[in-house]
Amino acid sequence: MPDPNESASDALLPELARLIVSALNLDLKPEEIGPDDALYGEGLGLDSIDILEVALAVSKHFGVQLRADNENNVAIFRSLRSLAEFVSANRSA
Amino acid sequence: MVPLPLIAHRSPESVFAWRDGAPIAAAHYLAEVQRLAAAMPERGHVLNVCSDRYRFAVGLGAALLRRQVTLMPPNHTAGTVTELLGFAPDAYCLTDHPADDIDLPQLAFPPGEAIGADVLAVPRIDPQQVCAIVFTSGSTGRPEPHLKRWGPLVRNVVGEAARLGLQAHPERVLVATVPPQHMYGFESSLLVAMQSGASFDAGRPFYPADICTTLARIDAPRVLVTTPFHLRTLLGDVEALPTLDLIVCATAPLSPQLAREAEQRSGAPLLEIYGCTETGQLATRRATQTGEWEPLPEVRIDTRDGRTWASGGHVEQAMPLADIIETVADGRFVLHGRSADVVNLAGKRTSLAYLGHQLNSIEGVEDGVFYLPAETADDGVTRLAAFVVAPNLNRGALLAQLRRRVDSVFLPRPLVFVDALPRSSTGKLPHAALAALAATHLAKHAGPQR
């Protein structure tokens, strides 16, 4: 069954990629981040400092604040797609 | 030598810690210390990775009772744990969460609750007893151990507690964004409360919204123990800051703008602490009032033989400091940045030489060097760059190797593959040549993007 949020969150992917690259001053182009690439560890290699920077950028840009008690915090930052789904589900809801 | 009490709390009901807005009594803490001590194996060294600050404190107290040394390595990567075993083959891991990635025998924090007694029988610890061994990454690649005896530790944090006004205000609660397994958090979020009769929150709030929630739940005067980076993120993300009694900040000098903003928005003074892993906390200053640091009681900072040394007070052996320091009147001093080669990011310190050694130890790397770009002035965390000659390695494989060897905060960003490094005829890498190489390759990353 198609997720009703899917199209809305897919539309956020390029915007979030740009946000991450600019917030973290990354050594790549936004379109080089695949929607399902791992953000932590072996993939993009983000660490907890980056996660706080991205959280701040997401809060400023989308008005969505992250909390440690958000269900499954690790899952939110698993990939660009999971982050987009979280933002899409929580922005100005 | 007179044994020194584990905690300074006076009555069984004295608040020792807080968790989820509820106080934990001193008698309860001591009962849990005794219970855990009885469950600890017959070993000499413990790696306490409890993420709950209160449980870490229980583990620390129990280890002291069992005369076990708490090990504090700079990180818990596989490589570090292996080196730790070389240092202390009997080490085991005390944990309150699944820690499968740590390859040591594990002791899970016991479930259930101990019952506190009606009278407070505070254990006393020999001041000569080694409480902890804290490691710094040495320049040769081997971690260097620094012994922390109970007596000097107590002396250090009692002096610090006076600066924080904790003896006069034991009702104050410390809420910290830093872990207790790091020297700053160990002393300034935990020991300083244990030794002054104040209390601390068991959590370690991460996101700005979590910091606010934790503070709001505590019905007592609050002290925020944090770093410039966490403070900057907090102020940037939160509209209304909960009122505070005090902000304590360390690991890097704070910009004067951020110090002013933090004081204005929290209604609290902001006290910065200067110290290092080798010496513990050395001095404090209130940045909105002075640029000069005031050493803790009886601590001396002076310059000899072209180096700056810390001595006196809790500092057992005169210790050279990695910062460029100018002493001024009455023992006070001004910081002028770090000595060349020293890297200090997000409270973790290493040297470019150590990182270069790790990089060049990777099979397939023919030559490589780390480079520290000019640090950002906005209280963010500057990342390192690295240049590497490794024609037969790809980026992913090299980074995976490096990740095993160095803390993630030091991973190069960017990692630039080059055909050769600009070495002189004598094989040296002149700083100017490296700066020119960096300017060429890092230019595309420049610009204010935050």
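As they're listed, the protein sequences go chains A and B.
Each residue of the first sequence is one higher than the one before, starting from 1 at the first, in the numbering used here.
Each residue of the second sequence is one higher than the one before, starting from 1 at the first, in the numbering used here.
All residues carry an ideal CB built from backbone N, CA and C; glycine is no exception.
Computed from a predicted model, the values in this text were never measured in an experiment.
Cβ-based burial, residue i [other Cβ within 10 Å; buried from 16]
i: B:SER137; result: buried
i: B:VAL119; result: exposed
i: B:GLN281; result: buried
i: B:GLN449; result: With a pLDDT of 37 at B:GLN449, under the threshold of 50, the modelled position of that residue is not reliable, and the figure given next carries that caveat. Exposed, because fewer than 16 other Cβ atoms sit within 10 Å of the Cβ of B:GLN449.
i: B:PRO412; result: buried
i: B:THR95; result: buried
i: B:ASN394; result: exposed
i: A:ASP50; result: buried
i: B:GLY185; result: buried
i: B:ALA26; result: buried
i: B:THR426; result: exposed
i: B:MET183; result: buried
8 Å Cβ cutoff, residue i in contact with chain A
i: B:ALA216; result: no
i: B:GLY236; result: yes
i: B:ALA408; result: The residue you asked about is not Ala; residue 408 of chain B is Ser in the sequence shown. By this cut-off, B:SER408 is an interface position.
i: B:ALA346; result: yes
i: B:ALA400; result: yes
i: B:ALA389; result: Checking the sequence, you will find Val at residue 389 of chain B rather than Ala. No, because no Cβ of chain A sits closer than 8 Å to the Cβ of B:VAL389.
i: B:CYS249; result: no
i: B:ARG338; result: no
i: B:ALA283; result: no
i: B:VAL2; result: no
i: B:LEU411; result: yes
Cross-chain neighbours of residue i in chain E, by beta carbon under 7 Å
i: A:SER59; result: Among the protein chains of the structure shown, namely A and B, there is no chain E.
Contact with chain B by residue i, beta-carbon distance below 8 Å
i: A:GLU42; result: yes
i: A:ALA55; result: yes
i: A:GLY45; result: yes
i: A:ARG81; result: no
i: A:ILE33; result: no
i: A:ALA11; result: no
i: A:ARG18; result: no
i: A:ILE76; result: no
i: A:ALA68; result: yes
i: A:LEU52; result: yes
i: A:ASP36; result: no
i: A:ASN90; result: no
Beta-carbon proximity check, residue i vs residue j, cutoff 8 Å
i: B:LEU104; j: B:LEU60; result: no
i: B:PRO110; j: B:ARG222; result: no
i: B:SER255; j: B:ASP379; result: yes
i: B:ALA287; j: B:ALA259; result: yes
i: B:VAL178; j: B:LEU30; result: no
i: A:SER79; j: A:SER9; result: no
i: B:VAL175; j: B:ASP201; result: yes
i: B:LEU451; j: B:ILE133; result: Outside the shown range of chain B (1 to 450) lies residue 451 of chain B, about which nothing can therefore be said.
i: B:HIS28; j: B:ALA108; result: no
i: A:ALA57; j: A:LEU12; result: no
i: B:LEU71; j: B:ALA37; result: no
i: B:ALA346; j: B:PHE417; result: no
i: B:PRO3; j: B:ASP126; result: yes
i: B:ARG338; j: B:GLU292; result: no
i: B:VAL130; j: B:CYS93; result: no
i: B:LEU231; j: B:LEU244; result: no
i: B:CYS249; j: B:ALA322; result: no
i: B:GLY197; j: B:ARG10; result: yes
i: B:TYR451; j: B:ALA262; result: In the structure as shown, chain B starts at 1 and stops at 450, and residue 451 of chain B therefore has no counterpart that could be examined.
i: B:LEU235; j: B:ALA268; result: no
Cβ separation of residue i and residue j, assumed to be a contact under 8 Å, to the nearest whole Å
i: B:ASP419; j: B:VAL388; result: About 11 Å; that fails the 8 Å criterion.
i: B:LEU434; j: B:VAL369; result: 7 Å
i: B:TYR453; j: A:ALA68; result: Residue 453 of chain B is absent from the structure shown; chain B starts at 1 and stops at 450.
i: B:VAL365; j: B:LEU372; result: Not quite, the Cβ-Cβ distance comes to about 19 Å (not below 8 Å), so this is no contact.
i: A:LEU66; j: A:ALA55; result: 4 Å
i: B:VAL406; j: B:LEU442; result: Actually they do not touch by this definition, with Cβ atoms about 20 Å apart.
i: B:GLN128; j: B:VAL158; result: That belief does not hold up - the Cβ atoms of B:GLN128 and B:VAL158 are roughly 17 Å apart, past 8 Å.
i: B:LEU429; j: B:PRO422; result: 7 Å
i: B:THR327; j: B:THR303; result: 6 Å
i: B:THR308; j: B:PRO295; result: So it is not a contact: roughly 12 Å between Cβ atoms.
i: B:ALA193; j: B:LEU166; result: 7 Å
i: B:THR350; j: B:ALA310; result: So it is not a contact: roughly 20 Å between Cβ atoms.
i: A:HIS61; j: A:LEU26; result: Rounded, the Cβ-Cβ distance is 16 Å, inconsistent with contact.
### Query
Taking a cut of 7 Å between CB atoms, which residues from the segment 162-192 of chain B lie near chain A?
Those residues of the segment 162-192 of chain B placed with their C-beta closer than 7 Å to a C-beta in chain A do not exist.
### Message
Please identify, using Cβ separations under 8 Å, the residues of the segment 413-429 of chain B that lie next to chain A, in order along the chain.
### Response
ARG413, PRO414, LEU415
### Message
Please list, in chain order, the residues of the segment 51-74 of chain B that have any C-beta partner in chain A closer than 7 Å.
### Response
Cβ contacts with chain A come from no residue of the segment 51-74 of chain B.
### Query
Along the segment 202-234 of chain B, what residues have a CB closer than 8 Å to any CB found in chain A?
PRO205, PHE206, TYR207, PRO208, ALA209, ASP210, THR213, PHE229, HIS230, THR233
### Task
Quick one: which residues of the segment 362-388 of chain B get their C-beta closer than 8 Å to a C-beta of chain A? List them in chain order.
The segment 362-388 of chain B vs chain A, Cβ under 8 Å: GLY380, VAL381, ARG383.
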